[in-house]
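Report on the structure given below.
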RNA sequence: GCGCCUGUAGCUCAGCUGGAUAGAGCAACGGACUUCUAAUCCGUAGGUCGGGGGUUCGAAUCCCUUCAGGCGUGCCA
């Protein structure tokens, strides 16, 4: 509809210029938007105000010139008026809204899809938690956002790959091995001191128990380094399997699990460091090797190889991100926790050093999740190991509620996640509010079939002319806005836009439902309303699908 | 100190990327089930968009400045 009105305006502009009503043909882009207040029409444009300077005329004069040249061939516009400082308001003919419903039905699951990605390859890397412990709620938020972003991008024509980067080498894995080994020795009544910097959680003890059950005291006879190495590998792979399961239960799967270790095994890390040294981007100082990240705007240079000869996490990340682009992705998106924001400049630097544009690399920084229970903080300290895991949360509140709540905020704002509230099946909990729309409509359709024998609703222009209630037009207007919402949410990588869209649509529907009956004694009206309501159902389903939330037929 | 993020109704947050009189939900108060699911709806009340400057026809939105909170600022990951 916006586009249609834009065309009317653009044609009017040209005509006005030819007539001499306008002095310049230098037209700014026509923008049409929905006024918030009903009395200001269905759509309005600010074009006259934007043109005032160029045309050297007052906005209202320009508006008049435009209005006198508007042609309205399809009788879309019922009324036009100039308002305020120079807005042109358009009142749309009720009948003109109806054809949009047909588009929704015809395109069905594809309604809202687009091709802004044009098949470009894009990678979304998310979660990527170290396999040193189970996923906690914070990872859950990253998972929900990353997955939704990937869904939305794919829906908008990108060729999306989901990847999980597994940090399976480096010091934290050794620490993991040591932690497990020490707990293992404890099981044989050996007196050990368990260091503070080891992993404290109960799961470490469980892993030790498993090793004991499978290997007896064999490890005690081994050389300690070997034993730690064994524990490390066993623990990491067991934990990773657990992570994979927890994510699957959360409805998330990856196209690829990428091992950090493989970057060393293939020699990629060595190669890239050598290349960068040759280019002078990496240099030696104080016995260590430094990357000149300051050349790319970082606040100081960063160590790649430590004085002790070991590489840092950054070294493998340089190789990793370069490799991503070599795989053919034109854009790479990393979803990180906000506590990693200090790493953005250095990774961006490495991407640029590899010859790619900094805009090809984006980081979505997920802010903290405050886990609450009845308004009071639920413990989440990693140190004591008593954090609430993602699995705990999903088991307690369910997948749909968890995912939806993670997506009710812009990812840049901290999120309060109240377990008690998420479990409630009341209107305090927005998931049910939206899902309930889908269930209610399913129920109407079922009843329509049972009592009136209506098994199929289709486009019927005559019947649809009966859809004239303000609530009905309001719903159609909202439905029409869906593709735009999806597009914006893809471009900005902000899934919460869809969440809010769905809540607003749900609100309009519930309101309508309470005021008007869909199944009436008038067959035409019933058919028209079923057609409308079915369109709502399709869009609720489409939106929830993008968010990774189910659309139940019954609740 | 420096960097990033956030300050919008009592609370939790939206605000379509500069538009007209700033919106929801919760909490409070008052109403609606012999009806397609009351997991719902209707109404009332609630605001100096942290403060101060600037940019322009027009600012919650952009710029500067200031205050407050969170996070980061390792040859840890």
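In my numbering, the protein residues as written are 16 to 570.
Idealized CB from N, CA, C, for every residue including glycine.
{"Item": "Alpha carbon to alpha carbon, what distance is there between residue 191 and residue 546?", "Value": "59 Å"}
{"Item": "Taking C-alpha atoms, which residue in 251, 174, 526, 473 lies nearest to residue 182?", "Value": "251"}
{"Item": "Please classify residue 323: does DSSP put it in a helix, a strand, or coil?", "Value": "coil"}
{"Item": "Have a look at 323, 357, 378 and flag the residue whose alpha-carbon is nearest the alpha-carbon of residue 349.", "Value": "378"}
{"Item": "Tell me the rounded alpha-carbon separation between residue 3 and residue 239.", "Value": "Residue coverage of the chain in this structure runs from 16 to 570, which leaves residue 3 outside it and unanswerable."}
{"Item": "Taking the alpha-carbon of residue 140 as reference, which of 79, 111, 267 has the nearest alpha-carbon?", "Value": "267"}
{"Item": "How would you call residue 212, buried or exposed, if buried means at least 16 neighbouring beta carbons within 10 angstroms?", "Value": "exposed"}
{"Item": "Could you say which of 526, 355, 407 lies nearest to residue 155 if we only look at CA atoms?", "Value": "407"}
{"Item": "Give the list of continuous alpha helix (DSSP H) stretches no shorter than 4 residues that lie fully inside the stretch 398 to 441.", "Value": "405 to 412, 414 to 421, 434 to 438"}
{"Item": "What alpha helix (DSSP H) runs, 4 residues minimum, are completely inside the stretch 262 to 288?", "Value": "275 to 280"}
{"Item": "I'd like to know whether the C-beta atoms of residue 551 and residue 456 end up nearer to each other than 8 Å.", "Value": "yes"}
{"Item": "Give me the DSSP bridge partner(s) of residue 140.", "Value": "178, 349"}
{"Item": "Measuring straight from C-alpha to C-alpha, what distance separates residue 445 and residue 176?", "Value": "30 Å"}
{"Item": "Which residues share a DSSP beta bridge with residue 306?", "Value": "297, 317"}
{"Item": "So does the stretch 381 to 389 actually touch the stretch 323 to 333, counting three or more Cβ pairs closer than 8 Å?", "Value": "no"}
{"Item": "Using 8 Å as the threshold, is the C-beta distance between residue 142 and residue 161 below it?", "Value": "yes"}
{"Item": "Pick from 508, 531, 103: whose alpha carbon is nearest that of residue 166?", "Value": "508"}
{"Item": "Check whether the stretch 109 to 128 and the stretch 76 to 87 touch, using three or more Cβ-Cβ pairs below 8 Å as the test.", "Value": "no"}
{"Item": "When you compare the CB positions of residue 380 and residue 159, do they come within less than 8 Å of one another, or not?", "Value": "no"}
{"Item": "By how many angstroms is the C-alpha of residue 313 removed from the C-alpha of residue 516?", "Value": "38 Å"}
{"Item": "To the nearest angstrom, how far is it from the Cα of residue 24 to the Cα of residue 478?", "Value": "31 Å"}
{"Item": "Which residues in the same chain as residue 173 place their Cβ atom closer than 7 Å to its Cβ, once the five residues preceding and following it in sequence are excluded?", "Value": "132, 135, 137"}
{"Item": "Any idea what DSSP makes of residue 48, helix, strand or coil?", "Value": "strand"}
{"Item": "By how many angstroms is the C-alpha of residue 353 removed from the C-alpha of residue 428?", "Value": "10 Å"}
{"Item": "Write down every uninterrupted run of the beta strand (DSSP E) in the stretch 71 to 156 whose length is 3 residues or greater and which is fully enclosed by it, in chain order.", "Value": "92 to 98, 102 to 107, 136 to 140"}
{"Item": "Considering only residues of the same chain and omitting the five flanking positions on each side of residue 64, which have a CB-CB separation below 7 Å?", "Value": "74, 100, 101"}
{"Item": "Leaving out five residues on either side along the sequence, give the residues of the same chain with a beta carbon under 8 Å from the beta carbon of residue 296.", "Value": "306, 307, 310, 368"}
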